[in-house]
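Chains as they are written, first to last, in the numbering used here: chain A, 2 to 192; chain B, 25 to 228; chain C, 3 to 193. Note that the Cβ used here is the ideal one computed from N, Cα and C, for glycine as well. Working notes, beginning with the structure itself.
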């Protein structure tokens, strides 16, 4: 249990995917302008990360490794993610049209979210077992969502502030990310 | 159509994938801690970008619309795996320092983005020009950032194993923050602001 | 299903399948070519590491059941070496650790030294672990001395890279105690 908690907090806070590992930056800067869309995106990412981790873990250890074709993981993993995102998109479209419209183009973008592919690679690299893989994916997703939410909250306020023209938009967002990163270092003391 | 140098040049500055289109941020910020990393990553991205653009352009008339994204992904993923295996075999040090960012080239939005937005709709020659421009544009961006981070963060500039510059006071007391993740955000934020202020690239 | 339906539904899947097949063939070929080289690289690295620590050696045996290299000059055993993996800041750190040929009782383990085979640490920070000023500290230490100075040991951490330093130090400490015990029970007892 201790192990699992350590993995969760490590993925979510200490080695936060966005701020420390630089994974998931595109959506991080692209989606984080409004809190609501940030949370929706975050939730979708958590779901995809966990599903993808589960499937890729099974495929890697049941299919790729026993047959000595580990090098196929890049192709297989991304296909799994692409398929899962498609399925998720179809499911949301059929069950909750409002949500589907809110997420808009962000859904297919999850496929190219390096954080999702990143977490599947990490699971294999760290040699995680089944439970550890799921916890790691959950942690990564939660960490991503957390940072995304904080960022969007800040950016909503920034829209109204008087930023120098050259810094408006992305540059100041980067500086905010830097400050967030610095504050997250404090979590290093947790372990 | 058929404007090779135009297609090439736009990727360098005006439509620089990293600094203007804001694509491919993940690898840029993550590996830009040394010039060697920057060059290695650029070479890998160039190879995949050019090959992918050419292949996508060649098969664009036969690719059914419904499966085009999965097809692009398989092509890109395969090219990336080839690059990954090649680097592992012929330069293990580069493989270790670039880490998981080589296989992550698969989701480097630059590559899928150009395949989807350009190569699938343009001739082979144009697509090659576009790939070269975008690839070098990426290289320019990541090199500048690595230059700043390595110089300020460690006081020395090294490339291909040889020292180029060593700043006396800085070597003993480098500003290590630049090598850490937050330093990356700082550098790119200020770099973007400076480029916009001086008019090199357009304001948002 | 008439002609056009057939084309519309089957063609895309067929196309994708063909593309995937071509991809698989290409990758299998490349893996065949590079696989040998990669294995060779690993062997080279290991050999270099062993030579670095035991310059006087002229050969070694392999105790496969416990993954230990038995370092020899002629027929005389000079020491032992084994691979160790530490969890660094940026991923796995691969090392080879060498110990002297002593009784290997818990209080009688002497380190020959360490050699870093691979790492993904940050240049100028964690990457300094490969530099002599850090590595050489391990030479000649007894097991209990292998710890950071702040934890009562003899290893000075690299400034600004405490995580990398302690990762290496702790991994080395745990490994030598574990391997010494294994060597005592399997090799020494037998001989």
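Beta carbon proximity, residue i to chain B, threshold 7 Å
{"i": "residue 92/A", "result": "no"}
{"i": "residue 15/A", "result": "no"}
{"i": "residue 46/A", "result": "no"}
{"i": "residue 172/A", "result": "yes"}
{"i": "residue 43/C", "result": "yes"}
{"i": "residue 132/C", "result": "no"}
{"i": "residue 53/C", "result": "no"}
Residue i, DSSP secondary structure in three states
{"i": "residue 96/C", "result": "strand"}
{"i": "residue 85/C", "result": "strand"}
{"i": "residue 64/C", "result": "strand"}
{"i": "residue 126/B", "result": "coil"}
{"i": "residue 163/C", "result": "strand"}
{"i": "residue 175/B", "result": "helix"}
{"i": "residue 120/C", "result": "strand"}
{"i": "residue 52/A", "result": "helix"}
{"i": "residue 150/C", "result": "strand"}
{"i": "residue 119/B", "result": "helix"}
{"i": "residue 93/B", "result": "helix"}
{"i": "residue 183/B", "result": "strand"}
{"i": "residue 34/A", "result": "coil"}
{"i": "residue 3/C", "result": "Summary for residue 3/C: the model assigns pLDDT 49, below 50, so the residue's position carries little reliability; its value from the coordinates is reported in the next sentence. Reduced to three states, the DSSP call for residue 3/C is coil."}
{"i": "residue 142/C", "result": "coil"}
{"i": "residue 191/C", "result": "coil"}
{"i": "residue 25/B", "result": "The predicted position of residue 25/B is uncertain, since its pLDDT is 48 and thus under 50; a value taken from the coordinates is nonetheless stated next. Correct three-state label for residue 25/B: coil."}
{"i": "residue 186/C", "result": "helix"}
{"i": "residue 94/A", "result": "helix"}
{"i": "residue 115/C", "result": "strand"}
{"i": "residue 225/B", "result": "coil"}
{"i": "residue 178/C", "result": "helix"}
{"i": "residue 16/C", "result": "helix"}
{"i": "residue 83/B", "result": "coil"}
{"i": "residue 88/A", "result": "helix"}
Chain-ordered chain C contacts of residue i [CB-CB under 8 Å]
{"i": "residue 81/A", "result": "Here the premise fails: no neighbours, minimum Cβ distance about 13 Å."}
{"i": "residue 73/A", "result": "26 and 29"}
{"i": "residue 102/B", "result": "25, 28 and 29"}
Residue i versus residue j - alpha carbon distance
{"i": "residue 106/B", "j": "residue 23/C", "result": "15 Å"}
{"i": "residue 160/B", "j": "residue 46/B", "result": "15 Å"}
{"i": "residue 137/C", "j": "residue 131/C", "result": "6 Å"}
{"i": "residue 147/C", "j": "residue 191/C", "result": "26 Å"}
{"i": "residue 94/A", "j": "residue 166/C", "result": "47 Å"}
{"i": "residue 100/B", "j": "residue 148/A", "result": "30 Å"}
{"i": "residue 69/C", "j": "residue 53/B", "result": "39 Å"}
{"i": "residue 118/C", "j": "residue 94/C", "result": "11 Å"}
{"i": "residue 173/C", "j": "residue 139/C", "result": "15 Å"}
{"i": "residue 132/B", "j": "residue 30/B", "result": "24 Å"}
{"i": "residue 153/B", "j": "residue 91/C", "result": "39 Å"}
{"i": "residue 96/A", "j": "residue 89/C", "result": "44 Å"}
{"i": "residue 117/A", "j": "residue 157/B", "result": "28 Å"}
{"i": "residue 37/C", "j": "residue 102/B", "result": "16 Å"}
{"i": "residue 59/A", "j": "residue 217/B", "result": "46 Å"}
{"i": "residue 26/C", "j": "residue 68/A", "result": "14 Å"}
{"i": "residue 81/C", "j": "residue 159/C", "result": "27 Å"}
{"i": "residue 150/B", "j": "residue 185/A", "result": "45 Å"}
Beta carbon proximity, residue i to chain A, threshold 7 Å
{"i": "residue 97/B", "result": "yes"}
{"i": "residue 153/C", "result": "no"}
{"i": "residue 54/B", "result": "yes"}
{"i": "residue 213/B", "result": "yes"}
{"i": "residue 232/B", "result": "This structure leaves residue 232/B out entirely; chain B is present only between 25 and 228."}
{"i": "residue 217/B", "result": "yes"}
Interface residues of chain B facing residue i [CB-CB closer than 8 Å]
{"i": "residue 121/C", "result": "120"}
Chain-ordered neighbours of residue i on chain B, where CB pairs are closer than 7 Å
{"i": "residue 57/C", "result": "Here the premise fails: no neighbours, minimum Cβ distance about 23 Å."}
{"i": "residue 18/C", "result": "91, 94 and 95"}
{"i": "residue 60/A", "result": "What residue 60/A touches in chain B: nothing, since even the nearest Cβ is about 14 Å away."}
{"i": "residue 21/A", "result": "205"}
{"i": "residue 13/C", "result": "88"}
Listed by chain order, chain A residues near residue i by CB distance under 7 Å
{"i": "residue 206/B", "result": "179, 182 and 183"}
Any chain C beta carbon closer than 7 Å to residue i
{"i": "residue 143/B", "result": "no"}
{"i": "residue 167/B", "result": "no"}
{"i": "residue 139/B", "result": "no"}
Amino acids of chain A, ordered along the chain, whose beta-carbon sits closer than 8 Å to that of residue i
{"i": "residue 33/C", "result": "70 and 72"}
According to DSSP, residues forming a beta bridge with residue i
{"i": "residue 74/C", "result": "61/C and 79/C"}
{"i": "residue 75/B", "result": "BP columns for residue 75/B are empty, so no partner."}
{"i": "residue 102/C", "result": "81/C"}
{"i": "residue 189/B", "result": "181/B"}
{"i": "residue 24/C", "result": "Answer by DSSP bridge pairing: none, since residue 24/C is not bridged."}
Listed by chain order, chain B residues near residue i by CB distance under 9 Å
{"i": "residue 134/A", "result": "Within 9 Å Cβ-Cβ: nothing; residue 134/A doesn't reach chain B, min ~16 Å."}
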